[in-house]
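Residue numbers (the working numbering): -16 to 357.
Printed below as a string of structure tokens:
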């Protein structure tokens, strides 16, 4: 018998509360779907998933991030003894899905999936006390993802700095929201170390795709006392965020073709339009199931990562074409740079770039299949 992905009462409450907080933000003065043109490109390449011209918060995004913290949603995976809910990747994924549904420009993926979940799982009690309570108040964490594009079943890989007596020198590529981070988690072989971006020798540099972190003889602290794999949390969180982004775009498109009239009738009543949006719906529902399976597998401690890379591959290969269909069904409006549908597309493109693209994800999935058959 397979896993039951039906949400329990607590999980339903998380979805409901997150939706309320995000909807209140969207409906605030000046925050309507067609407004705030400065925010519509917050997730564009080079700006980071946290938004803002330098990858930092704009005022509205900072307010939303604070509201999510005040609602207790940023502490879902923080241990109970530190003021959180003590939940896991699945519940964190539910929050990320709602954030993706609104394409909100907040550093949720970097902080919650790349930071909180690994620290809560592998950090020492002292590290958890030092890092996690601040997240409840809006502190940002992140991780270097340069090794996420490796081809081996457990490759955390290169290029990342090599530690020598606890000090690091080199360059970490692909570090989302690095300019906002209080700590950066860096994979070194099969372990993960913590680096303070304010420490001497650390330089955060903007790149065309986001941020890189340059390290010159920088002190680091091992996360916990054993092996750690942040990439499983990274992939499951990305899948959840992408799931929400497509669901939000589908809702926006369905509303448009329902309300927009041509030749005296709603666009939705034309057969070609109905067929195309039905295809988007199928893609969205499949992405949702794949994201739930990925989060469930991470929490269940499954050794097989096939569900993770199935979700990553589906997002990379199918979600982007579905979003292009959404733009197409909007007609000329879908090309308008200040229309919010672009936020959803930019968000998914950024996530796919972090994952390495469809072929890379398929290679990872195939590698797991071959490994399982051995």
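Note that the Cβ used here is the ideal one computed from N, Cα and C, for glycine as well. Because the structure is a prediction, the values reported are computed rather than measured.
7 Å CB neighbourhood of residue i in its chain, flanking five on each side removed
i, result
"residue 222", "273, 274, 277, 294, 295 and 298"
"residue 226", "80, 83, 270, 271 and 274"
"residue 302", "225, 229, 266, 270 and 331"
"residue 316", "322"
"residue 27", "Its pLDDT being 43, under 50, residue 27 is placed unreliably in this model, and the value from its coordinates should be taken loosely. Correct list, in chain order: 329."
"residue 165", "117, 122, 123 and 124"
"residue -4", "none"
"residue 3", "none"
Where the alpha helix (DSSP H) containing residue i begins and where it ends
i, result
"residue 243", "No alpha helix (DSSP H) holds residue 243; DSSP gives it neither H nor E."
"residue 174", "Element bounds for residue 174: not the alpha helix (DSSP H) but the beta strand (DSSP E), 174 to 178."
"residue 328", "324 to 338"
Length of the line joining the Cα atoms of residue i and residue j
i, j, result
"residue 89", "residue 45", "7 Å"
"residue 319", "residue 307", "13 Å"
"residue 202", "residue 196", "14 Å"
"residue -10", "residue 157", "33 Å"
"residue -2", "residue 129", "31 Å"
"residue 153", "residue 162", "18 Å"
"residue 290", "residue 49", "33 Å"
"residue 78", "residue 118", "15 Å"
"residue 187", "residue 258", "47 Å"
"residue 346", "residue 95", "27 Å"
"residue 350", "residue 285", "16 Å"
"residue 280", "residue 246", "49 Å"
"residue 217", "residue 181", "24 Å"
"residue 169", "residue 65", "24 Å"
"residue 305", "residue 185", "40 Å"
"residue 137", "residue 69", "Residue placement at residue 137 is flagged as unreliable, the pLDDT there being 38, under the threshold of 50; the coordinate-derived value follows with that caveat. One C-alpha to the other measures close to 27 Å."
"residue 20", "residue 324", "The predicted position of residue 20 is uncertain, since its pLDDT is 30 and thus under 50; a value taken from the coordinates is nonetheless stated next. Cα to Cα, residue 20 sits roughly 12 Å from residue 324."
Residue j beta carbon less than 8 Å from that of residue i
i, j, result
"residue 56", "residue 1", "yes"
"residue 239", "residue 312", "yes"
"residue 207", "residue 107", "yes"
"residue 99", "residue 61", "yes"
"residue 114", "residue 151", "no"
"residue 72", "residue 282", "yes"
"residue 241", "residue 251", "yes"
"residue 178", "residue 205", "no"
"residue 92", "residue 159", "yes"
Unbroken beta strand (DSSP E) run spanning residue i, endpoints
i, result
"residue 171", "166 to 171"
"residue 187", "185 to 190"
Residues of its chain near residue i, where Cβ-Cβ distance is below 8 Å and the 5 sequence neighbours each way are ignored
i, result
"residue 8", "14, 43, 46, 47, 50, 85 and 87"
"residue 249", "240, 241, 242 and 243"
Candidates the options, of which the one nearest residue i by Cα
i, options, result
"residue 231", "205, 204, 263 and 219", "263"
"residue 342", "327, 292, 326 and 69", "292"
"residue 339", "300, 190, 327 and 326", "300"
"residue 314", "54, 244, 268 and 287", "244"
Residue i beta carbon near the ligand GTP (any heavy atom closer than 7 Å)
i, result
"residue 201", "For the structure depicted, the ligand GTP is absent and the ligand set is empty, with no information on it obtainable."
Contact set for residue i: own chain, Cβ-Cβ below 6 Å, skip 5 residues either direction
i, result
"residue 310", "317"
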